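Everything below concerns the one structure shown next.
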Amino acid sequence: MRKVFIAVLIITLIFSDACKSVKESNIENAKKIAVSKVYLKGMEYLLNGNYSSARDYFEVIIDNATNTEYFPYAKLAYADALFFDLSKGPIEAMPEYQSFIVYFPKHPETPYAQFMVAMCYFIQINGPDRDQTYVDQSIVEFEKLKEKYPDSEYAKMADKYIEYCRYIKAQHEYLVGIFYYKVKGYKASASRLGGLIKNFDPKYYNQEKAYYYYARSLMYETKFDEAARYFRKILKEFPNTIYRDSIKEQLDYIESGRAQKELMERKKKLEEKIRKEMEKRIKKIKGKKKKEKTEDK
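Taking the working numbering, I'd label the letters of the sequence shown as residues 1 to 297.
In structure tokens:
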């Protein structure tokens, strides 16, 4: 086991030295040529997918040619060389794009940098059944792009990404609402599905099913009038609904007055039960006090 460990360590050190020598070689070569050629060489590496070497060349400009016209472009390209590198990715690239925006707020490429900040969040979206933090942040950054750079070509591209994010967000609310209904969390289900219906375009979710389970959740929450309103909406908007028989049964239950009557009966029984429990408790306390007085005598 020790021999294996030593062998792995030696290979790691050799690989590390090799990488270091490549980087040093790139830097030395870059220092010998004009800034414009350094930038073009870096772009050549970037376009060919050699992101590490591309970063080496862009770093030379960033560290040594801050007063040249190539500096902002090298800074932005360096961020790209992180973003597209699978070993680095959006987490390391994002601060570089944000830094570009801070240092060059009016540069022609700033809208692109803002677009890429949004993309750093967007490509990390996993799906409607996962945490929605990246979805929310994507929408924020794409909206910022539209607000700050409305005339840019990237602002025009933002809408399709925002629409996809809203679709994912709506699907998330839909799935969570149905989940809560299935585990009998009717209050939470009504809250989620009600918010979905109110805040999202119906094209993003199964409207028929959302209406039905929202109405069912309202029934369990004893909000009969609101439930009936959505049951009627389903019959009107989806005349061939698979829930027709169930809806007619529920509407008859509400409109006949049985739902309200049974609710009042349940409340009355509950109140009676509570009253009896209180009477038992009071009787027990009185009996205890009477016993204590007898013992004192």
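Positions of the beta carbon are idealized from the N, C-alpha and C atoms, including for glycine. Since the model is a prediction, treat every value here as computed from it, not as a measurement.
Buried/exposed call for residue i, threshold 16 Cβ in 10 Å
i, result
"Met278", "exposed"
"Lys283", "exposed"
"Ile197", "buried"
"Ile168", "buried"
"Ala34", "exposed"
"Glu249", "exposed"
"Tyr103", "exposed"
"Ser189", "buried"
"Pro90", "buried"
"Arg130", "exposed"
"Arg229", "exposed"
"Ser256", "exposed"
"Glu59", "buried"
"Glu69", "exposed"
"Gly127", "exposed"
"Phe15", "For Phe15, the predicted model reports a pLDDT of 48, less than 50, meaning its position is unreliable and no value from the coordinates is stated."
"Ile61", "buried"
"Ile123", "exposed"
Start-to-end residues for the alpha helix (DSSP H) that takes in residue i
i, result
"Arg130", "Looking at the DSSP string, Arg130 is not in any alpha helix (DSSP H), and its letter there is neither H nor E."
"Thr110", "Thr110 to Phe122"
"Val183", "First-last for Val183: undefined, no H or E at that position."
"Lys37", "Val35 to Leu47"
"Ser152", "Ser152 -> no alpha helix (DSSP H), and no H or E assigned at all."
"Ala77", "Phe71 to Phe83"
"Ser87", "Segment: none, Ser87 is in no alpha helix (DSSP H) and carries neither H nor E."
"Asn64", "Tyr51 to Asn64"
Any non-hydrogen atom of the ligand HEM closer than 6 Å to residue i Cβ
i, result
"Ala93", "No copy of the ligand HEM occurs in the structure displayed, which carries no ligand at all."
Distance between residue j and residue i (C-alpha atoms, nearest Å)
i, j, result
"Lys184", "Lys261", "23 Å"
"Lys182", "Glu271", "29 Å"
"Lys88", "Thr241", "50 Å"
"Tyr73", "Ile162", "27 Å"
"Gln171", "Tyr205", "6 Å"
"Ile6", "Asp85", "With a pLDDT of only 45 at Ile6, under the threshold of 50, the placement of this residue in the model should not be trusted; the figure read from the coordinates follows. Rounded to the nearest angstrom, the two C-alpha atoms are 30 Å apart."
"Leu47", "Ser36", "16 Å"
"Ile234", "Tyr253", "17 Å"
"His307", "Ile139", "The question about residue 307 has no answer, for the chain in this structure spans 1 to 297."
"Ala54", "Glu44", "8 Å"
"Arg192", "Ser246", "22 Å"
"Ile274", "Lys223", "24 Å"
"Leu40", "Ala210", "55 Å"
"Gln207", "Tyr154", "32 Å"
"Leu76", "Lys236", "55 Å"
"Lys160", "Lys267", "51 Å"
"Tyr243", "Ala215", "12 Å"
"Val300", "Ala93", "An answer regarding residue 300 cannot be provided, because it is not within the stretch 1 to 297 covered by the chain."
"Tyr174", "Cys165", "14 Å"
"Met219", "Gly194", "13 Å"
"Asp136", "Glu143", "11 Å"
Could you tell me which whole alpha helix (DSSP H) segments of length 4 or greater appear in the segment 198 to 258?
207 to 220, 224 to 237 and 244 to 255
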